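Engineer:
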Amino acid sequence: ASIASMDMGLLLRDDVFVDFFNTFLNLPVFGQTPIYISGMGRWYLWPELPSHLDPSPAALLAWLEKHRLPYFCKSSLCLHLVLCQKLLGFIRSGEAAELLNWQSADQWLLERCISGSHGMRHFRAFVQGTAGEELIDFWLITERLLGLDESDGSQRDLFLSLVHRLRATHLREGSSVITLCTTIIGSLPKAKHIQSISTRREILSKMQEQALFMIQSYWLPKFFMHCKMGMEEEESCQPLLQEYQERLSQASWQEPPGLSEPFPTMHIKRSQGVSGPYSSLKAKAEIWSLVKEGRDTKELKMATFQVKPERQPGPAGRAEELCLDKDALGSIPQQSEHPANTAFGGKRGVNFPGRPQSSAEQELENLCKEKIFSDLLPSTSLDQLPSLKKPVKTLDFLPWALSAEACAGQPFRDFLQCQNWSMETHLLDLWHDLEEFLPVVLDSSRENSFFLRHLIGEKICKTYLEEDSIEKLPLETRTLVSLWNHLICGEFSPWIFRAQKEICKLLCCLYEEFLADDDRMFLQFMAPGSDVPMPKVPGHAAGRWENFHLSQRMNQSLKLSQALHGTRSLEGISSKHWQLLAARDLQKGGSIQAEMKLLLGST
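The sequence shown begins at 1 in the numbering used here and counts up one residue at a time.
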């Protein structure tokens, strides 16, 4: 709420906010997809406006404040920003220096490690599989829940969903949260039966404070030691460590004078030689054509379904379940590194057992493969990039956009609601719930996976698949029945992919209307009353390279957002995390540009 009420110009003076906001702005669900380089005060628009216009930064900020910031404040990226700010506030405090004997150099280095969306992903990857993971997850859910008004009908469903999620996971007997907060809440049964809303909120708020203090005072110092040890092994981090040692050697380090200089004047990069009507839909089709054709020319690292052993989650055990290789979780996995494997087959795969595949089963297997996207290899030369000749339909990139929508505060859903398309909104909700269910059921190493997959599976069945609802859904009966048979037991089913594809076909035209509406709103602010053209994407190498760069920027934004949102598994700690830390400069594009630098090298 405090972020939503602030002036956009003031918000953009905070480099940490800019980092999270850039990640959000580049999610491929939106039409206009800008990026801000705070060190230069420069905005880059995509699609661009024509060169004869001189767009006003004030108009852009007004548009962002009205049409992007409200959705950012509903996103998981914003929750991670708030948590990041609280961690940074603790790191900079005298309390931390006294409690943990930190010097100013230690505080400086830890800030560098944890700032921005990449820093928070690294921190979450570090605590994965520990009590720290549960504490962070509890803090994030509680932060969202306490910001809702349960008496507001439009928020009540989300409120109840979060309450049920807390009770099924972090408020169950034996959880790390209950163990930590026993002195606050007393006995759990008493807490459950408290009727007063204010008292219930007060209890949750105090539990959240206790969880945050444990994260700050215990897990942050452990993360700091982990970072120092990891950086020592990474050559690209040596300049950072050298500066850290220099700061340590000086009792009272003075920041370089350049850091106190005034902020650069904000401006928008002028476009060059653009023509044709402004259309983000057309621009997206050209981007996706490059991604799709480039993917077809490269070897893919396909998902391999394999059985992984479960962790025992406290009092209630879990059985072994079918799991997906972590690179397959989320819509756009890591870049290909090995020759293509085959999903559901081969030495490590799992086939539909006992009999030859029917045509329906083969179709489902193909749908599983269609869900797996990959990056183009960074070694791709300009000459190897495909030409943009084959037309791409909206349906081809709609799953990409919908996966991003879940991380972006659901602007498409709001559009459907404003148009009173209740059935289409219901279908979109089903698509998102199925997307949320997949990583939980396919990655049993996740905290509380057993409880969550049953909770989400039962919720889907109750909300969409019971007899009084199933007749209204315009999906194939075979698809709906198959979903019910598996999800009611908390089981994975490839019919999930079939259902999502049927939903995409029904929502395709409406998404095109959403993009057109997004374009209209943008033009009303940036070029009121003008016949605004859009950039013409030339066929020469530079144009293809620009589109390739844009596609990868959006891919990196989506992967990072999914990891923080929970619809993509967090990667284990690797040399890549240290290379990203060395490459990350919050004033030069931050997390997104660091990913691009690592992906594309010095090109």
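Ideal Cβ placement from N, Cα and C applies to all residues, glycine included. Computed from a predicted structure; not experimentally measured.
Straight-line CA distance for Y464 to M423?
Structural biologist: Approximately 11 Å, taken between the alpha carbons.
Engineer: Is the distance from the Cβ of G457 to the Cβ of K74 below 7 Å?
Structural biologist: Contact: no.
Engineer: At which residues does the beta strand (DSSP E) containing I35 begin and terminate?
Structural biologist: Residues 35-37.
Engineer: Is the CB-CB distance between A583 and L598 below 7 Å?
Structural biologist: Yes.
Engineer: Going by CA-CA distance only, name the one from R13, P28, F126, K86 that's closest to V285.
Structural biologist: Here the sequence assigns Ala to residue 285, which means Val is not the residue at that position. That would be P28, whose Cα lies nearest to the Cα of A285.
Engineer: In terms of alpha-carbon separation, which member of L212, D15, G9 lies closest to L586?
Structural biologist: If we check each option's Cα against that of L586, D15 comes out closest.
Engineer: Looking only at DSSP bridge pairs, what is Y44 linked to?
Structural biologist: In the DSSP output, where bridge partners are listed per residue, Y44 has I35.
Engineer: Measuring CA to CA, which of C113, Q250, G9, L523 is closest to F263?
Structural biologist: Closest by alpha carbon: G9.
Engineer: Closer than 7 Å by C-beta to S5: which residues in its own chain qualify, once you throw out the five before and the five after it? Chain order, please.
Structural biologist: Cβ neighbours of S5 beyond the five flanking positions: none.
Engineer: Just reading off the alpha helix (DSSP H) that I136 is part of, what are its end residues?
Structural biologist: Segment 131-146, the alpha helix (DSSP H) holding I136.
Engineer: Tell me the rounded alpha-carbon separation between L452 and L11.
Structural biologist: Taking the straight line joining both Cα atoms gives about 36 Å.
Engineer: Any idea which residues DSSP pairs I268 with across the strands?
Structural biologist: Looking at the DSSP assignment, I268 forms a beta bridge with W43.
Engineer: Out of F412, F525, S115, which has the shortest C-alpha to C-alpha gap to D54?
Structural biologist: Checking every option, the nearest Cα to that of D54 belongs to F525.
Engineer: Decide if H164 is buried, meaning its Cβ has at least 16 other Cβ atoms within 10 Å, or exposed.
Structural biologist: Exposed, by the Cβ-count rule.
Engineer: Note down, one range per segment and in chain order, each alpha helix (DSSP H) of at least 4 residues found wholly within the stretch 445-477.
Structural biologist: Those alpha helix (DSSP H) runs which fall completely within the stretch 445-477 and span 4+ residues are 449-460, 467-470.
Engineer: Kindly list the residues whose CB is nearer than 7 Å to the CB of L109, restricted to its own chain and excluding five residues on each side of it in sequence; keep chain order.
Structural biologist: The answer, listed in chain order, is Y244.
Engineer: Which residue from W431, A516, S551, R520 puts its Cα closest to that of F497?
Structural biologist: The shortest Cα separation from F497 among W431, A516, S551, R520 belongs to W431.
Engineer: Compute the distance between the beta-carbons of L290 and F548, then report whether it is under 7 Å.
Structural biologist: Against a cut-off of 7 Å, the Cβ pair of F548 and L290 comes out as a contact.
Engineer: Name the two residues that bound the continuous alpha helix (DSSP H) containing N22.
Structural biologist: Segment 15-25, the alpha helix (DSSP H) holding N22.
Engineer: Near M554, what residues of its chain come up, given a Cβ to Cβ distance below 6 Å and the 5 sequence neighbours on each side ignored?
Structural biologist: Closer than 6 Å at Cβ, skipping near neighbours: N26, P28.
Engineer: Would you mind sorting E321 into buried or exposed? The rule is 16 or more other CB atoms within 10 Å of its CB.
Structural biologist: Only weak support exists for where E321 lies, its pLDDT of 33 falling under 50; the value from the coordinates is given anyway. E321 is buried by the Cβ-count criterion.
Engineer: For the stretch 115-130 and the stretch 567-578, state whether three or more C-beta atom pairs, one from each stretch, are separated by less than 8 Å.
Structural biologist: They touch, by the three-pair rule.
Engineer: Taking 8 Å as the threshold, find out whether the stretch 224-243 comes into contact with the stretch 92-112 through three or more Cβ pairs.
Structural biologist: At 8 Å Cβ cutoff, the stretches touch.
Engineer: Measure the CB-CB distance between I35 and L135 and report whether it falls below 7 Å.
Structural biologist: Not a contact, by the Cβ cut-off of 7 Å.
Engineer: Check H565 in the structure and name its three-state DSSP category.
Structural biologist: H565 falls in the helix class under three-state DSSP.
Engineer: Can you look up A527 in the DSSP assignment and give me helix, strand or coil?
Structural biologist: In this structure, A527 counts as coil in the three-state DSSP scheme.
Engineer: How long is the line joining the alpha carbons of P494 and P439, rounded to whole angstroms?
Structural biologist: Rounded to whole angstroms, P494 to P439 spans 13 Å at the Cα level.
Engineer: Smallest Cα separation from P399: which of L416, F415, Q417, L428?
Structural biologist: Nearest C-alpha to P399: L428.
Engineer: Just checking my contact of I592 with Q556 at CB under 8 Å: how many whole Å lie between their CB atoms?
Structural biologist: That pair is a contact at about 6 Å.
Engineer: Where does R124 fall in DSSP's three states?
Structural biologist: In this structure, R124 counts as helix in the three-state DSSP scheme.
Engineer: Just tell me which of L600, D7, L49 has its CA closest to the CA of Y278.
Structural biologist: When each option's Cα is compared against that of Y278, the closest is L49.
Engineer: Sorted by chain position, which residues of the same chain lie with C-beta nearer than 6 Å to C237's C-beta, five sequence neighbours on each side aside?
Structural biologist: Counting only Cβ-Cβ distances below 6 Å, and skipping sequence neighbours, we find M231, W578, A582.
Engineer: Can you tell which of H267, E405, Q500, E150 has its C-alpha closest to the C-alpha of A59?
Structural biologist: Nearest of H267, E405, Q500, E150 to A59, Cα basis: H267.
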